[in-house]
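Per the UniProt record's numbering, residue 1 is the first one in the sequence shown, and the count goes up by one each step.
First up is the structure itself, then whatever we jot down about it.
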Amino acid sequence: MFAVIKTGGKQYRVVPDDVLEVGKIEGEVGSIIQLNEVLVLGGDTPVLGVPTVAGASVAVEVLDHKRGPKVIAFKKRRRKNSRRKRGYRDEITVLRISEILTDGAKPTKGPRPKREKVAKEATTEEAAA
1 MFAVIKTGGK
11 QYRVVPDDVL
21 EVGKIEGEVG
31 SIIQLNEVLV
41 LGGDTPVLGV
51 PTVAGASVAV
61 EVLDHKRGPK
71 VIAFKKRRRK
81 NSRRKRGYRD
91 EITVLRISEI
101 LTDGAKPTKG
111 PRPKREKVAK
121 EATTEEAAA
């Protein structure tokens, strides 16, 4: 099953366990939020929304908040000694799609536990050398 969602003025085709970067969304890292603007529900019998599918939503887990690549807007007017350089970086939220919900259902899955980094243990052979 897939869904087409709309967030930040853009549309995304998503399936469960997809990871995508969207414009900034409010929510703490590790929390589950619901996106309610579902335009299409796909599968065996696709459902098209007019403009959205009633009762459908997508549960997502917020993985990270970060900034996008640097974008430079440079304008020059030749022979006028006139230049302007401006730059910016978009605020981005990284999301993982946890499940696609229909009929006003609530999310059943919670956030995934974080992986802990395993520190290398010095073996007795390495310590002896």
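The beta carbon of each residue, even a glycine, is placed where N, CA and C say it ideally should be.
| Item | Value |
| --- | --- |
| Same chain only: Cβ atoms within 8 Å of Ser31, ignoring 5 sequence neighbours per side | Glu61, Val62 and Pro111 |
| Burial state of Ile72, where buried means 16 or more other Cβ atoms lie within 10 Å | exposed |
| Sub-8 Å separation of Leu48 and Val38 beta-carbons | no |
| Per DSSP, cross-strand counterpart(s) of residue 166 | The shown model of the chain, from 1 to 129, leaves out residue 166, and the question about it has no answer. |
| Rounded distance between the beta-carbons of Thr7 and Val22, thought under 8 Å | 5 Å |
| Three-state secondary structure (DSSP) of Ser82 | strand |
| Same chain only: Cβ atoms within 6 Å of Gly27, ignoring 5 sequence neighbours per side | Ile33 and Val62 |
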